[in-house]
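Worksheet for the structure shown next.
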Amino acid sequence: MNSSLALAGLLLLVLAVSAKPQDASTNLKNTLMSANFTRLVDEIVKFDLADSVSKAGPKTIFAPSNQAFREMMMANRPMTNSTETMTKLLRRSFVVSRRIMPSDITNEMVVDTISGEKLRFNIYNTVMTVNGAILTKEPIVVKDDVIVYRLNSVILSSFTSGQNMMAVLEMNKDRFSTLIRCIQDTGLTDTLTKDGPFTLFAPTNEAFRSLPSEALARLMASPAELKHVLTGHVTKGTYFLGALDSKDSGTDMVLPTLDGGTNKIMINGRSIKVDGTPVVTSADNIMAENGVIHAISRVLMPN
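Here the sequence shown stands for residues -19 to -1, 1 to 284, numbered as in mature numbering (1 follows the signal peptide of the UniProt record, and there is no 0).
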């Protein structure tokens, strides 16, 4: 009898020594798989990111759904074939090193991700967004060490400290060099550098070129009139157009602008217009530390 007990004890000891606890990255992958984030897990494994996103300690994960990945692949196929771009997207913008519950989220709240880039939360009538992606109001997973929210799209734009609107426009000056010069000539640089948050409806270089030559010449010759026009492109607050639809607002959105006027946001399916001017949709949110920039194809002239 004693020898049998001794043998059983020895077997238990051998099993205890030989059993290997699951590492953090395996636990994280299992958690995401069980919540049906299979495509995210595939991408994390494919680009060898499991260890970097599963560091010890509490964390909140903003996880794109499988459908979000499918839609991104269809809309941005060249980008998704780039290992460098996909690694950057996956690494930078969806893991925060603390627990964030719904009651912790406030409008315009900004938090750091594990990569040092930042996420901005916005609360609208019926939805919440993080960097423009709509997230579930309640977490899909709630554990002591991990909170997981589902996103309806992959976060394509982020920002870091110091990337204010003027800095971001400079980074995209191939599209916005005329706008940059107009902002500088009218003394609005400090406003778009230090104040906010704002939503800037940014006319592209092509938008300025499409103005009648006499109208463009008159604007460039009159800093006061040009400033009035430019402030009509700036709305207080951060508005991601993909989160604003008729079901959310109950009507077309009317947003006050810095010139004392308004911008009327009209949404019809995937078609978004500002005062009748088509706007590049939410996939082209250009994030800045003090708001978001949307490219538009026409200069918004006052009535």
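Don't be surprised by glycine CBs; every beta carbon is placed ideally from N, CA and C. Since this is a predicted model, take the numbers as computed values, not measurements.
Count the other CB atoms, across all protein chains shown, that sit within 10 Å of the CB of residue i; report buried if there are 16 or more and exposed otherwise.
i	result
A37	exposed
M53	buried
V255	buried
V91	exposed
R131	buried
E195	exposed
M147	buried
N244	buried
For residue i, which of helix, strand or coil comes out of DSSP?
i	result
N271	coil
I161	helix
D181	The residue asked about is misnamed: residue 181 is Leu in this sequence, not Asp. Note: L181 maps to strand in three-state DSSP.
I277	strand
R80	coil
S138	coil
residue 354	Residue numbering for the chain in the displayed model covers -19 to 284; residue 354 lies beyond these limits and cannot be assessed.
F43	strand
L30	coil
I25	helix
N112	coil
Considering only C-alpha positions, which residue in the set the options is nearest to residue i?
i	options	result
R156	V122, A276, K10, D240	A276
N186	T66, R279, M14	R279
V273	A114, R20, L70, T64	A114
T141	A5, E270, N8	E270
K154	T172, A183, L137, T174	A183
In chain order, what residues of the same chain have a beta carbon less than 8 Å from the beta carbon of residue i, not counting five sequence neighbours either side?
i	result
V26	K10
Throw me the rounded Cβ distance for the residue i and residue j pair, which I believe falls under 8 Å.
i	j	result
N112	S139	6 Å
residue 312	T167	This structure gives no information on residue 312, because the portion of the chain shown stretches from -19 to 284.
T258	L281	6 Å
Within a Cβ cutoff of 6 Å, which residues of the same chain sit near residue i, ignoring the five residues on either side of it in sequence?
i	result
M234	L225, I246
G177	N271, G272
S35	A5, S6, L9
T68	F28
F18	A44
S134	A49, A114
Using C-beta distances below 7 Å, list every residue in its chain close to residue i, excluding the 5 sequence neighbours before and after it, in chain order.
i	result
H41	It is worth fixing the name first, because residue 41 is Thr in this sequence and not His. So the list reads V77, R79, R80, I81, I128, once near-sequence residues are dropped.
L211	C163, I164, T167, L169
Q144	A269, E270
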